[in-house]
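If you're matching positions, the sequence shown starts at 1 in the UniProt record's numbering and goes up one per residue. Virtual Cβ for every residue (Gly too), placed ideally from N, Cα, C. Please read these numbers as outputs of a predicted model, since none were measured by experiment. Scroll down for the structure; my scribbles are underneath it.
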Amino acid sequence: MRTAREERMAAARLPQANVVSILYEQHAQLRDQFGIVPDLHGEYRRAAFDMLREMLARHEAAEEVVLRPVTGKLLPAALIRARNDEEKAAARELAELEKLDVDDPGFAPRLRILEEQVQMHFVHEEAEEFPAVLGELSEHEQEELGRWMLRAIELAPSHPHPTLTGSPVGQAVLGPFASLCDWARDLLHRARQDMQDH
Ligand SMILES: [Fe+2]
Ligand SMILES: [Fe+2]
C-alpha cells in the first residue's frame, strides 16, 4: 500500500480485531500525522510532532515485541534483520530531528527524510510480514495477536522513563526516542510474560 486510503481499505477487508487490520490502520494514522506536522507552526507544530513521535514509538515498540517474534519464525532472518535495521534508522533520524526547533528551517526537510524512511518501512512490512501472518496463522491466532498488539500499544510509554535518564545507550546515542523504545520493549516483554503465566 502506498496511501493511507489504500491501507484503510485493506484494513476494512479484514475483521476489526485482526492484527493485520490493526496494523494497517496504525500505518494509515501515522501517514496522516506525518502529513499534518509540516502544515503547522510554533506550538501547534510541536504538539503535532510530539504526537507523531509518541504514535511512532508506540507502534514500533509494539511491533517489535508482538509482530516480529511471530514473523521471525515465518520469514528469512535477513528480512527480519532488515526491518529491525529500518526501525533503528528511523529512530536515528528522529533523534536528529528532535535536536531542532520545530520552526528551524531544517526541520521540515528532515521530517520529510524520516517520513520517506518510515513509508518504505511500511511498504516492506505490508508486502512481506502482513501476508505471512495472513497466510500462515489461523484466524484465531491472528485475532489473538491483535489483542496483544492493542495491549502493547496501551502499555508503551508516551514519555522517556525517568530511570533511563543518563543511560549511555538510550540518551547519548539515539536520543529520547530510543529511550522510549527501550523502556517499552522491556515493559512489554514483562507484560507478555505475565499474561502468559495467567
Ligand atoms: Fe515497524
Ligand atoms: Fe508497522
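Contact set for residue i: own chain, Cβ-Cβ below 6 Å, skip 5 residues either direction
i	result
SER21	ALA11 and LEU14
GLU87	GLU60
PHE107	LEU100
ALA28	ALA4, GLU7 and ARG8
beta-carbon residue i near ligand 1 non-hydrogen atom, thresh 6 Å
i	result
GLU25	no
GLU43	no
GLU93	no
GLU60	yes
Whole-angstrom distance between residue j and residue i, CA atom to CA atom
i	j	result
TRP148	GLU126	19 Å
GLU7	ASP85	23 Å
ALA152	LEU75	22 Å
VAL65	ALA57	12 Å
MET1	THR71	19 Å
PHE34	GLU43	16 Å
ARG83	PRO131	15 Å
VAL19	MET51	22 Å
ALA62	PRO69	11 Å
HIS140	TYR24	18 Å
Any non-hydrogen atom of ligand 2 within 6 Å of residue i CB
i	result
GLU139	no
GLU63	yes
GLU54	no
GLU136	no
GLU144	no
GLU125	yes
Same chain, Cβ closer than 7 Å to residue i, five either side skipped, listed in chain order
i	result
ALA90	LEU114, GLN117, VAL118 and HIS121
ASP32	ALA4
MET9	none
ILE36	ALA48
LEU40	ALA48
Sequence-distant residues of the same chain with beta carbon closer than 8 Å to residue i, five excluded per side
i	result
ALA17	GLU143, GLY146 and ARG147
task = Can you check the UniProt domain "Hemerythrin-like" (19-132) for any alpha helix (DSSP H) of at least 4 residues that lies completely inside it and give the ranges in chain order?
result = 19-36, 42-62, 68-74, 77-98 and 107-124
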